[in-house]
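What follows is a set of notes on a single structure, which appears directly below.
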Amino acid sequence: MHITAITLSGFKSFAESTHLSVDRGLTVVIGPNGCGKSNIIEAVRWVMGENSAKRLRGAEMEDVIFAGTRQRRRRQSAEVRLTLDNQARRAPAPFQDVPEIVVSRRIERGQGSTYQINNQEVRACDVQMLFADLSIGSRSASIISQGEIAELVENKPDARRLLLEEAA
Amino acid sequence: MHITAITLSGFKSFAESTHLSVDRGLTVVIGPNGCGKSNIIEAVRWVMGENSAKRLRGAEMEDVIFAGTRQRRRRQSAEVRLTLDNQARRAPAPFQDVPEIVVSRRIERGQGSTYQINNQEVRACDVQMLFADLSIGSRSASIISQGEIAELVENKPDARRLLLEEAA
Amino acid sequence: GRARLRATFKGMKVLFGEYFQRLFSGGEANLVWIETEDPIAPGIDIRARPPGKAMQSVYLLSGGEKALTALALIGAVLRLRPTPICLLDEVDAALDDANVARFCALLAELGTSAQEMRFVIISHHRLSMAKADHLFGVGMPERGVSRLYAVDMLEAAEHIHQSN
Amino acid sequence: GRARLRATFKGMKVLFGEYFQRLFSGGEANLVWIETEDPIAPGIDIRARPPGKAMQSVYLLSGGEKALTALALIGAVLRLRPTPICLLDEVDAALDDANVARFCALLAELGTSAQEMRFVIISHHRLSMAKADHLFGVGMPERGVSRLYAVDMLEAAEHIHQSN
Ligand SMILES: Nc1ncnc2c1ncn2[C@@H]1O[C@H](COP(=O)(O)OP(=O)(O)OP(=O)(O)O)[C@@H](O)[C@H]1O
Ligand SMILES: Nc1ncnc2c1ncn2[C@@H]1O[C@H](COP(=O)(O)OP(=O)(O)OP(=O)(O)O)[C@@H](O)[C@H]1O
Ligand SMILES: [Mg+2]
Ligand SMILES: [Mg+2]
């Protein structure tokens, strides 16, 4: 199963709805310092169920909502969508029979986060469970944030056990 | 006052005595991964009195002694020397009248470290004191190790107070 | 249970050793199973020795060597169990040119193998850009507001060539 | 005592603000004195706003923006009180080309000003190499054993040119 698209709307510096399609092979994202590249990575960790605002460089979860600029008002909500391709029909139950799985998370100021899978509201743990079944998640070795690559080697032995569990 | 030379001998991967002269302006050190560039920086932190082996990536202080390779036997000691130019005669007492100050630290397997200033044996705190009077030291903002630059910004406010004390 | 974990561990160890040797053009690396009070929650220790060097603590490795060792480990995990995507944010920042090339070759292999792994990486390195199958730029034409745009590979190559 | 610390703080704040604006080509940055139980041991908070962006927590800044902000702070400290040497290990790893150029310009200015600061920096970036007054290479012709050698600037430029 593959993630084929990432859509951000109002998430951090992505004030406008932004669609990144993920094709086969290697996609490289480039751009000057501070333009928003790492924000895309954090958007994926967030929609997969990241609970710690600190791990997204914020003090509270609402810090991921577009805060406005001198020219543009701040937004009241942020939403990120991940599209998974299920052509091979190998998705975990109860999604094994749909060709595509769209997971989304939305946060509204003063109201916290809501999650959806294929337009059905679900709980955070349902989303975390789905991705865990696919051996991925906001803390997975498949998502390495800026400055973290050496941690795999510098960590204590028991932190590395997660890798074993992912691979099993 | 300026540091005009750094000499490493048996320190980490510098099995042989190596002399780096530091001239005016900008000196850039280049080379492939793992060739020893950061070891030079650590040598300076070490001779200035760094007490934590962990901050030098080791488990114990003897880890800074050349450990040998498949072709070359390990060394029994490591030594680093810093040369300070005192042409302007501005060095702190009791060194104000000498044209040059040579600070060195040596470690022998099983025997710990000894320090010298201009060939006189001194205590570690004498060396730390000398450099503190010059607003530098192994924990100074003037020495930024690999991967640490963002820490100045990410640290808690009280960690940054050291900068104020250095500048004062 | 534990049997499955031990079997997975064995496979991970072998692949990690292989990928390490490929990324370092030699040397050797190993994983060590460390028993804890919980039989299905072991610690995992890394022993790594770049070519020609003595086996030492991995903590003594250089910044680039640590990144490369970590990538060998991630490669092993992905080969055992592919994931829907792999996102790497500036993992090549500490690598010299030769190692960036080996890193990209590893991604290419995992992308075309049975795993068909899809990677989205962020990089400032022109060698990584050159290896992209798809290239996207992020910019802020309106300050403080990010915009994403597809970049034409040939145009980008021209631009990089001119800036040198 | 405290009066001197406050005076130093004031100078640091002004210089930090200046260097930040130079490295970011605009924006604004500030230091905030935070009282603690100890009147001569305050906390120091950083407020920074890159050009065009809203003032937010510095933690939300990008990797490159954090590095640049830190460099502005170091520059301010060195300008107030020069040190016998300044060693920077791959601090430009997170910077894009334009910011590497600004970083090198800052070092050049501190090097030629009254402070006459001497810098030894480690870098993999060809733009930083190009700005060197003195260039040294470290290599391991005998594996596991480091050797230092002076590099001729013109030869190096030729070599970099050819590898592109
Ligand atoms: N809620 C928000 N609203 C608006 N802007 C935000 C918000 N959160 C973060 N930002 C801005 O996003 C920018 C950081 O983006 P990001 O970390 O993605 O940059 P980057 O492209 O990865 O840069 P680098 O190459 O330096 O790593 C910061 O300037 C920050 O001010
Ligand atoms: N006591 C020692 N004896 C011999 N070699 C050592 C010793 N301690 C560390 N080393 C070796 O030094 C190397 C690391 O050197 P260093 O960190 O200076 O590399 P570097 O040039 O900074 O590389 P990078 O560009 O990746 O940061 C490691 O390969 C390590 O094995
Ligand atoms: Mg980033
Ligand atoms: Mg290094």
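Going line by line, the protein sequences match chains A, Y, R and S. Under this note's numbering, residues -12 to 155 are what the first sequence spells out, in order. Under this note's numbering, residues -12 to 155 are what the second sequence spells out, in order. Under this note's numbering, residues -15 to 148 are what the third sequence spells out, in order. Under this note's numbering, residues -15 to 148 are what the fourth sequence spells out, in order. Glycine is no exception: its CB is placed at the ideal position from the N, C-alpha and C atoms.
Residue-chain proximity (residue i, chain R), Cβ-Cβ < 8 Å
i, result
"ALA30(Y)", "no"
"PRO125(S)", "no"
"ALA77(S)", "yes"
"ARG148(A)", "yes"
"GLY45(A)", "no"
"MET(-12)(A)", "yes"
"GLY(-5)(S)", "no"
"ALA40(A)", "no"
"ALA2(A)", "yes"
"GLY(-3)(A)", "no"
Test: residue i CB closer than 8 Å to a CB of chain S
i, result
"PRO81(Y)", "no"
"ASN26(Y)", "yes"
"HIS108(R)", "yes"
"GLU139(R)", "no"
"GLU87(Y)", "no"
Rounded distance between the beta-carbons of residue j and residue i, thought under 8 Å
i, j, result
"PHE0(R)", "ALA13(R)", "6 Å"
"SER91(Y)", "THR67(S)", "Incorrect: roughly 20 Å between the Cβ atoms, too far for contact."
"LYS115(S)", "LEU13(Y)", "6 Å"
"LEU90(S)", "LEU(-11)(S)", "Contact doesn't hold; Cβ gap of about 25 Å is too wide."
"MET101(S)", "LEU62(S)", "6 Å"
"ILE131(Y)", "LEU72(S)", "5 Å"
"VAL15(A)", "MET39(R)", "Incorrect: roughly 35 Å between the Cβ atoms, too far for contact."
Within chain A, partners of residue i - CB distance below 9 Å
i, result
"SER97(R)", "None at all; the shortest Cβ gap to chain A is about 12 Å."
"HIS118(R)", "SER8, VAL9, ASP10, ARG11, GLY12, LEU13, THR14, VAL15"
Listed by chain order, chain R residues near residue i by CB distance under 9 Å
i, result
"GLY36(A)", "Within 9 Å Cβ-Cβ: nothing; GLY36(A) doesn't reach chain R, min ~14 Å."
Beta-carbon neighbours of residue i, restricted to chain Y and to distances below 8 Å
i, result
"ALA89(R)", "Within 8 Å Cβ-Cβ: nothing; ALA89(R) doesn't reach chain Y, min ~16 Å."
Interface residues of chain S facing residue i [CB-CB closer than 9 Å]
i, result
"VAL80(R)", "Position check: residue 80(R) holds Asp in this sequence, whereas Val was assumed. Correct list: HIS108."
Own chain residues within Cβ distance below 7 Å of residue i, not counting five before or after
i, result
"THR20(S)", "PRO26, GLY27"
"GLY(-3)(A)", "ILE52, PHE53, ARG62, SER64, ALA65, GLU66"
"GLU37(A)", "LEU43, SER125"
"ILE88(Y)", "LEU71, ASN73, ALA78, PHE82, ILE104, ASN105"
"SER130(R)", "VAL122, MET124"
Chain A within 8 Å of residue i, Cβ atoms only
i, result
"ASN83(S)", "yes"
"LEU111(R)", "no"
"GLY11(R)", "no"
"ARG(-14)(R)", "no"
Contacts that residue i makes with chain R (C-beta to C-beta distance below 7 Å)
i, result
"GLY121(S)", "By Cβ distance, chain R contributes nothing, its closest Cβ being about 12 Å from GLY121(S), past 7 Å."
"PRO19(Y)", "ASP80, ALA82"
Residue-chain proximity (residue i, chain Y), Cβ-Cβ < 8 Å
i, result
"PHE4(S)", "no"
"ARG86(S)", "no"
"PRO23(S)", "no"
"VAL104(S)", "yes"
"GLU142(S)", "no"
Amino acids of chain Y, ordered along the chain, whose beta-carbon sits closer than 7 Å to that of residue i
i, result
"GLU74(S)", "GLN133"
"LEU7(S)", "Chain Y residues near LEU7(S): none, gap ~13 Å exceeds 7 Å."
Cβ neighbours of residue i in the same chain (closer than 6 Å, five flanking residues each side left out)
i, result
"ASP29(R)", "VAL16, ILE18"
"ASP22(S)", "none"
"HIS(-11)(A)", "ASP72"
"THR(-9)(A)", "VAL9, THR70, ASP72"
"ASN26(A)", "LYS(-1), SER0"
"PHE118(Y)", "MET35, GLY124"
Proximity test, residue i beta-carbon vs ligand 5 heavy atom, cut-off 7 Å
i, result
"LYS41(A)", "As for ligand 5, it is missing from this structure, which binds only ligand 1, ligand 2, ligand 3 and ligand 4."
Partner residues on chain R for residue i, Cβ-Cβ distance less than 8 Å
i, result
"GLY128(S)", "GLY36, LYS37, ALA38"
"THR5(A)", "SER130, ARG131, LEU132"
"SER91(A)", "Chain R residues near SER91(A): none, gap ~15 Å exceeds 8 Å."
Chain-ordered chain Y contacts of residue i [CB-CB under 9 Å]
i, result
"ALA92(S)", "GLY12, LEU13"
Proximal chain A residues relative to residue i, where beta-carbon distance stays under 7 Å
i, result
"VAL61(R)", "ALA128, LEU150, GLU153, ALA154"
Close-in-space but distant-in-sequence residues of the same chain around residue i (CB under 8 Å, 5 per side omitted)
i, result
"PRO35(S)", "PHE8, SER9, GLY10, GLY11"
"VAL85(Y)", "ASN73, ALA78, ASN105"
"ASP120(Y)", "PRO79"
"ASP81(S)", "LEU111"
The segment 28 to 58 of chain S: positions lying closer than 9 Å to chain R by Cβ | For the segment 28 to 58 of chain S, the set of residues with a beta-carbon nearer than 9 Å to any beta-carbon of chain R comprises PRO34, PRO35, GLY36, LYS37, ALA38, GLY47, GLY48, in chain order.
Which residues, taken in chain order from the segment 105 to 138 of chain Y, show a beta carbon closer than 9 Å to some beta carbon of chain S?
-> Taking 9 Å as the cut-off between beta carbons, the residues of the segment 105 to 138 of chain Y near chain S are PHE118, LEU121, SER122, ILE123, SER127, ALA128, SER129, ILE130, ILE131, SER132, GLN133, GLY134, GLU135, ILE136, ALA137, GLU138, in sequence order.
Interfacial residues, the segment 46 to 68 of chain A to chain S, with Cβ spacing under 9 Å | Cβ contacts with chain S come from ALA46, ASP50, ALA54, GLY55, THR56, ARG57, GLN58, ARG61.
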